[in-house]
Each structure stands twice: as C-alpha cells, then as structure tokens.
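Chemist:
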Ligand SMILES: C[S@@+](CC[C@H](N)C(=O)[O-])C[C@H]1O[C@@H](n2cnc3c(N)ncnc32)[C@H](O)[C@@H]1O
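In my numbering, the protein residues as written are 151 to 504.
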C-alpha cells in the first residue's frame with residue numbers, strides 16, 4: 151500500500167468530482183509532510199508542458215497572471231530560448247515577495263505587480279504595453295497558502311475563517327457563513343462544489359450560528375460534519391467530509407469564477423497575433439469555462455485551439471507531486487499570421503525598473 155496516493159479512495163465519487171476535490175486534499179497532505187519555506191513548499195505543475203506550449207523562442211513579453219512563489223516564472227526565465235521579459239501578477243503580497251527574491255537575479259527581465267488578473271489590462275496600460283505574446287494562468291492556491299492555518303483554507307488545523315487570497319478585500323468566509331440566509335448559503339455551496347448535501351449543511355450552519363458566530367475553520371468543519379451526519383475523524387473514502395464546503399467558500403470569497411471570466415474575456419484583445427494563452431485549472435467548473443471560451447472564440451476566428459484535449463501530468467509527475475493529479479492545461483493561439491516576427495522587448499514595452 152505504500153504507493154497508494156492520498157486520493158486513491160475517491161473512487162466512489164463521480165470522475166469530475168474526484169478531480170474537483172483532489173487539489174484541496176493534496177494541498178492539505180503536503181502540510182503534514184513538509185515544513186519548508188514557501189517557494190520549496192509549492193511545486194509548480196506541468197512546467198515542461200508550459201515551456202513547450204508558450205512558444206518562448208518568439209515571445210518578447212510573457213504575462214504570468216498567477217506568479218505565486220515564482221516557480222513557473224523561474225523556469226521560463228531560465229529557458230535559454232526565451233530572451234524576452236515577464237510581467238508577474240499576484241494578489242497575495244507575501245507570495246509576490248517570495249517570487250521577488252527568487253527572481254531578483256533576472257533584473258529587469260521580471261517585473262512583479264500586486265494585482266488581480268481580472269485587471270491585467272490596467273497593469274499593461276500603466277506600463278505602456280499594448281500586447282503580450284503569452285499569457286499563463288495557473289489557477290487556485292499555492293501549497294504554502296493552504297498549509298498556513300492563519301489563511302483559513304484548511305480544516306486540518308485551526309485558524310480564522312478567512313480564505314482571502316487578497317487581504318485588501320473585505321469579505322471573509324466568516325462573513326459569508328454568518329450573514330447569508332439559508333437558501334443563499336445552500337445555493338453557494340452547491341454552485342461552487344456540487345455538494346449534494348448543501349441544503350442540510352446550510353441548515354446546520356444557520357442553526358449553529360444562532361448559538362454563536364462561526365469564526366474558525368475547525369468549528370465550521372465540525373458544524374458541516376454534524377449537519378451531514380459524518381464523522382470528521384473517519385475520513386471515509388479518503389476525504390474529509392467538509393472538503394467541498396471549504397472549496398465552495400474559497401471560490402466564493404475570491405470570486406474565482408468571475409475573475410476567470412474577466413481574464414478570458416480580455417485576453418484576445420491583449421494577445422499579439424500568434425500569441426498564446428495557457429490556463430491550468432484544478433477543478434471541473436474552471437476547466438469547463440476555459441474549454442467553452444476557447445471553443446467559442448475558435449468559432450469566431452479569434453483563436454486556434456492548440457490543445458484539443460487538456461494536457462495532464464505524466465505518471466512520473468503525478469507520483470512526485472500530488473497537486474499535479476488534478477491539473478488540466480488548455481492552450482489557445484491568437485489568430486492572425488501577420489505578426490510572427492520577434493519584437494524588441496525593452497523598446498516595445500517601456501519597462502520601468504522594479
Ligand atoms: C497555483 S498558485 C501559482 C503557482 C505558480 N505558478 C508557481 O509556479 O509557483 C496560484 C497563485 O495565484 C494567485 N491568484 C489566485 N487568484 C488570483 C487572481 N485572481 N489574481 C492574481 N493572482 C491570483 C494565488 O495567490 C497564488 O499565489
């Protein structure tokens with residue numbers, strides 16, 4: 151049994167659902183196994199595939215929408231075929247700071263900016279950049295964010311029920327569970343995670359908060375488990391019963407569907423002709439959004455879809471990095487044959503020093 155992956159017992163779940171919950175579980179597992187610094191804690195997924203699909207030899211400027219601790223960025227900047235520059239975004243100040251130290255040796259070739267990728271166009275405008283040659287978005291949370299109990303993403307250790315990726319925003323998961331009415335809460339849980347017992351869970355949350363406001367991760371986990379009639383310590387089927395509820399709250403707190411939609415909607419206007427967009431998602435709702443966006447734009451003649459089927463991790467990567475098991479990457483290419491020539495990155499983008 152030593153090779154049994156932590157999610158092996160998910161077999162009872164429908165296939166799409168298994169993918170949806172794995173990312174959360176795998177992040178939680180890594181917290182038990184590792185006590186490393188942030189950049190070591192998060193192992194980037196599908197790195198070789200990202201390098202191969204972004205057409206780096208002809209790219210003058212790459213936009214990394216989700217820099218995290220800079221894993222993909224470090225690999226791209228170290229690729230001898232890539233001589234251009236990168237703009238790195240993240241809403242999490244601490245991750246961006248980790249990336250900044252990690253990528254410092256690349257000087258002006260990498261610029262970091264704390265921003266939501268939904269507003270990437272404003273960042274490009276600020277810097278006088280009309281178009282980029284590649285856009286990368288590696289969605290969700292990094293392992294170090296999930297592992298930190300103070301962020302409130304995990305039910306394995308007690309912490310404030312926060313779940314904000316961006317601490318400049320005001321609504322936390324505690325605000326949602328204590329303020330929404332029962333129907334709204336049930337709809338939210340179902341919409342973001344397809345949790346079958348969403349109505350029972352919402353009813354249980356509303357009952358519990360009448361006694362006392364729910365403000366911590368472990369109390370919420372206990373309330374969810376007892377509403378479901380599930381034993382929180384049993385981990386039947388290999389997953390904690392509160393997994394889906396936590397996933398739904400995280401997605402709602404960070405407006406994950408909405409920001410992805412904005413990114414996808416704005417990307418074609420800011421991709422240079424021939425430029426590529428690669429999106430890595432970790433659950434089925436996001437993957438469906440990416441797939442249908444790329445298909446629609448292909449029908450409009452705006453994109454060519456490079457990956458007819460999503461790219462997934464090799465068996466070796468799945469074994470080495472549990473997060474990679476649920477990763478799916480889709481890539482599209484902005485149509486227009488006219489701009490295949492390489493531009494001068496620095497002159498073209500008016501970069502400011504960091
Ligand atoms: C999966 S990690 C990215 C890891 C990174 N690619 C690497 O190789 O280290 C996702 C990162 O995206 C950030 N993030 C999530 N949603 C975001 C958004 N809407 N705008 C900007 N950053 C976001 C998170 O804070 C997190 O640092």
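Note that CB positions come from ideal geometry on N, CA and C, so glycine has one too.
Any idea if residue 171 is buried or exposed, counting beta-carbon neighbours within 10 angstroms, 16 or more meaning buried?
Modeler: What you label residue 171 is simply residue 21 of the chain shown in a count that begins at 1. Any answer about residue 171 is weak, because its pLDDT of 39 lies below 50 and its placement is not dependable; what the coordinates show is given next. When all chains shown are included, residue 171 counts as buried.
Chemist: With respect to the beta strand (DSSP E) encompassing residue 287, which residues constitute its N-terminal and C-terminal limits?
Modeler: Counting from 1 along the chain shown, the entry for residue 287 is found at position 137. Residues 282 to 288.
Chemist: Classify residue 459 as buried or exposed, calling it buried when 16 or more other Cβ atoms lie within 10 Å of its own Cβ.
Modeler: For this step, residue 459 is matched to residue 309 along the chain shown. Looking at its Cβ environment, which holds fewer than 16 other Cβ atoms inside 10 Å, residue 459 is exposed.
Chemist: Measuring alpha carbon to alpha carbon, tell me which residue in 348, 243, 209, 201 is nearest residue 224.
Modeler: One-based indexing of the chain shown puts residue 224 at position 74. Ranking the options by Cα distance to residue 224, first place goes to 201.
Chemist: Look at the Cβ atom of residue 285, then the Cβ atom of residue 421, and state whether they are nearer than 9 Å.
Modeler: For the purposes of this step, residue 285 is taken as residue 135 along the chain shown, with counting starting at 1. For the purposes of this step, residue 421 is taken as residue 271 along the chain shown, with counting starting at 1. Taking 9 Å as the Cβ cut-off, residue 285 and residue 421 qualify as a contacting pair.
Chemist: Say the cut is 8 Å; is the CB of residue 470 nearer than that to a heavy atom of ligand 1?
Modeler: By one-based count along the chain shown, residue 470 stands at place 320. No - ligand 1 has no heavy atom lying nearer than 8 Å to the Cβ of residue 470.
Chemist: Are the CB atoms of residue 477 and residue 462 within a distance shorter than 9 Å?
Modeler: Working through the chain shown from its first residue, we reach residue 462 at position 312. Working through the chain shown from its first residue, we reach residue 477 at position 327. Yes, the pair counts as a contact, with Cβ atoms nearer than the cut-off.
Chemist: In or out: residue 175 buried (at least 16 other Cβ within 10 Å) or exposed?
Modeler: Your numbering for residue 175 matches position 25 in the chain shown. Any answer about residue 175 is weak, because its pLDDT of 36 lies below 50 and its placement is not dependable; what the coordinates show is given next. With 16 or more other Cβ atoms within 10 Å, it is buried.
Chemist: What are the start and end residues of the alpha helix (DSSP H) that includes residue 423?
Modeler: As a working note, residue 423 is residue 273 in the chain shown. From DSSP, residue 423 is part of no alpha helix (DSSP H) but of the beta strand (DSSP E) over 421 to 431.
Chemist: For the segment 197 to 233, list the alpha helix (DSSP H) runs that are entirely contained and at least 4 residues long, ordered along the chain.
Modeler: Within the segment 197 to 233, the complete alpha helix (DSSP H) runs of at least 4 residues are 197 to 203, 221 to 228.
Chemist: Taking a contact to mean a Cβ-Cβ separation below 9 Å, would you say residue 351 touches residue 313 in this structure?
Modeler: Translated into positions along the chain shown, residue 351 becomes position 201. Translated into positions along the chain shown, residue 313 becomes position 163. No, the Cβ-Cβ distance between residue 351 and residue 313 is not below 9 Å.
Chemist: What residues match up with residue 137 in a beta bridge as DSSP calls it?
Modeler: The structure shown has nothing for residue 137, since the chain only spans 151 to 504.
Chemist: Cβ of residue 267 within 8 Å of any heavy atom in ligand 1?
Modeler: Locating residue 267 in the chain shown gives position 117, counting from the first residue. At least one heavy atom of ligand 1 is nearer than 8 Å to the Cβ of residue 267, so yes.
Chemist: Between the Cα of residue 198 and the Cα atoms of 221, 189, 190, which residue gives the shortest distance?
Modeler: Locating residue 198 in the chain shown gives position 48, counting from the first residue. Closest by alpha carbon: 221.
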